Amino acid sequence: MVSGETENEDGKKTLEVAKDASFTITTLPEAMATVNVTLSYPLLRGSNILTSSNGISLKTSAVLTPVSARGGLQFTFTPLAFLQLHALAFAGSGWNMLSFDNGLCLVVRENTFGSKNEDKSFDGIVWGYGGAATFQFDFAALFPGEWNHVVVQSFHKFQYRGFTGASDDETWAYECDWSMNRNGWNYYGNILLGYQMPIRFNLTGLLVESDIALYKAKGDFHDGDYWGQNLPRWKFGILGNFQFTDSISLSGILQFATELRATSGTKDFDFYQDRRVDKSSPYTFGFYRLVASVNIKF
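Residue numbers (my numbering): 1 to 298.
What follows is the structure, encoded as structure tokens:
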């Protein structure tokens, strides 16, 4: 994992350089290749269990999919073993190809209740910045033992996301997502309950994710409350990881997700702003995707 490090006069590590890459495919028409380089430096580090891993790090990322390319930066400060604070930013662009017309596009109304995607390939930058926090705990800290690693991790992120090719009241799609994006602030959070084991199949767990738009969206005839823009979306996953070697692993996750349920009179309308969310039962729930990812540490 550590490809380079420096030491001070006392022989203690002062800088670590870690490099890793991953390739991900899913049962949806999706694929993603990611390369990360992380610089880590110990800071305010003590000898007790709460402060022994204190430090700062800077991670740079490059991400390529069949319809997009982007880069990111994440600065992390670890003041305590159970807490990490993050500042992050990213920028990229996208394109449309073959039958994928929502790599980067505007989503606009066509005729009465119709919808079309207006090609914006390379016609602007998708960018964002924000802050996040990770809370984590390993029960083996209280009950030591190689089979006692029951871990809980929760991540919470507030992020502004924007597309330079769209105004604040226009809708855009990026990387084949839900196609309901607006320039504005968003929240994303997850919680993982996992069990780490000292064998090749070294992790299994449950992952719950949620994201929600924090801006107040308005359309031509209705606001976001009408079509459910301000309702959270949920994903539920069962995950596992198999460690082939110290540097190569294969992880997988089976995901189920919610979708917004429209009223019977509007569910067949193509343009999402014309579909009125059923307030009495706003969600449907079903299979979303199966994800497999090969992870390599250099």
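Ideal Cβ positions, reconstructed from N, Cα and C, are used throughout, including at glycine. Note that the coordinates shown come from a computational prediction; the quantities given were computed from them, not determined experimentally.
Quiz prompt | Backbone secondary structure at G4 - three-state DSSP | solution = Reliability of the predicted coordinates at G4 is poor, the pLDDT of 48 falling under 50, and the value obtained from them is presented with this limitation in mind. Correct three-state label for G4: strand.
Quiz prompt | For A89 and Y41, believed in contact at Cβ under 8 Å, the rounded distance | solution = Their Cβ separation, rounded to whole angstroms, is 20 Å, which puts Y41 and A89 out of contact at 8 Å.
Quiz prompt | Cutoff 7 Å; reference Y288; Cβ partners in own chain excluding five residues on either side | solution = Around Y288: K235, Q255, F256 and A257.
Quiz item: By how many angstroms is the C-alpha of V150 removed from the C-alpha of A21?
Solution: Each residue's alpha carbon lies about 26 Å from the other.
Exercise. Classify I253 as buried or exposed, calling it buried when 16 or more other Cβ atoms lie within 10 Å of its own Cβ.
Key: By the 10 Å Cβ count, I253 comes out buried.
Self-check item: Whole-angstrom C-beta distance between L239 and G184, which should lie under 8 Å
Solution: Cβ-Cβ separation between G184 and L239: approximately 30 Å, too far for a contact (criterion under 8 Å).
Exercise. Could you tell me whether the stretch 193-202 touches the stretch 139-154, where touching means 3 or more Cβ pairs closer than 8 Å?
Key: A contact exists between the stretch 193-202 and the stretch 139-154.
Practice problem: Please check the pair S68 and E175, which I expect to be a contact at CB under 8 Å, by giving their CB distance rounded to whole angstroms. | Solution: Confirmed, Cβ separation roughly 5 Å.
Quiz item: Would DSSP call F139 helix, strand or coil?
Solution: Of the three classes helix, strand and coil, the one that applies to F139 here is helix, per DSSP.
Self-check item: Of the listed residues S251, F271 and G286, nearest to F23 (C-alpha basis)
Solution: The residue among S251, F271 and G286 with its C-alpha nearest the C-alpha of F23 is S251.
Self-check item: Nonlocal neighbours in the same chain, by C-beta distance under 7 Å from K116, ignoring five residues either side
Solution: Apart from the 5 residues on each side of it in sequence, K116 sits with its Cβ closer than 7 Å to the Cβ of V108 and E110 in its chain, given in chain order.
Quiz prompt | Stretch-stretch touch, CB-based, cutoff 8 Å, three pairs: the stretch 33-48 with the stretch 88-102 | solution = No: the two stretches stay apart, fewer than three of their Cβ pairs being nearer than 8 Å.
Quiz prompt | Proximity winner among L106, G72 and T78, relative to F271 (alpha-carbon distances) | solution = Ranked by Cα distance from F271, the options L106, G72 and T78 are led by L106.
Quiz item: If we ignore side chains and look at the alpha-carbon of each, how far apart do G124 and A141 end up?
Solution: Rounded to whole angstroms, G124 to A141 spans 48 Å at the Cα level.
Exercise. Could you tell me whether the Cβ atoms of T78 and G55 are closer together than 8 Å?
Key: Against a cut-off of 8 Å, the Cβ pair of G55 and T78 comes out as a contact.
Quiz prompt | Coarse secondary structure for W227, derived from DSSP in three states | solution = It is helical.
Quiz item: So, are the CB atoms of F158 and V126 less than 8 Å apart?
Solution: Not in contact: F158 and V126 (Cβ atoms no closer than 8 Å).
Quiz prompt | Nearest-angstrom Cα separation, counted from R200 out to F244 | solution = Between the alpha carbons of F244 and R200 lies a gap of roughly 7 Å.
Quiz item: Skipping 5 residues on each side, what residues in its chain have a beta carbon closer than 7 Å to that of I32?
Solution: The residue you asked about is not Ile; residue 32 is Met in the sequence shown. For M32, same chain residues with a beta-carbon under 7 Å away, outside a window of 5 residues either side, are T24, V63 and T65 in chain order.
Practice problem: Identify, in the order they occur along the chain, each residue of the same chain with its Cβ nearer than 8 Å to the Cβ of L80, setting aside the five sequence neighbours on each side. | Solution: Cβ within range, chain order: L50, T51 and N54.
Quiz item: So what does DSSP say about D270, is it helix, strand or coil?
Solution: DSSP places D270 in coil when its eight states are reduced to three.
Exercise. Going by DSSP, name the residue or residues bridged to Y41.
Key: DSSP lists I56 as the bridge partner or partners of Y41.
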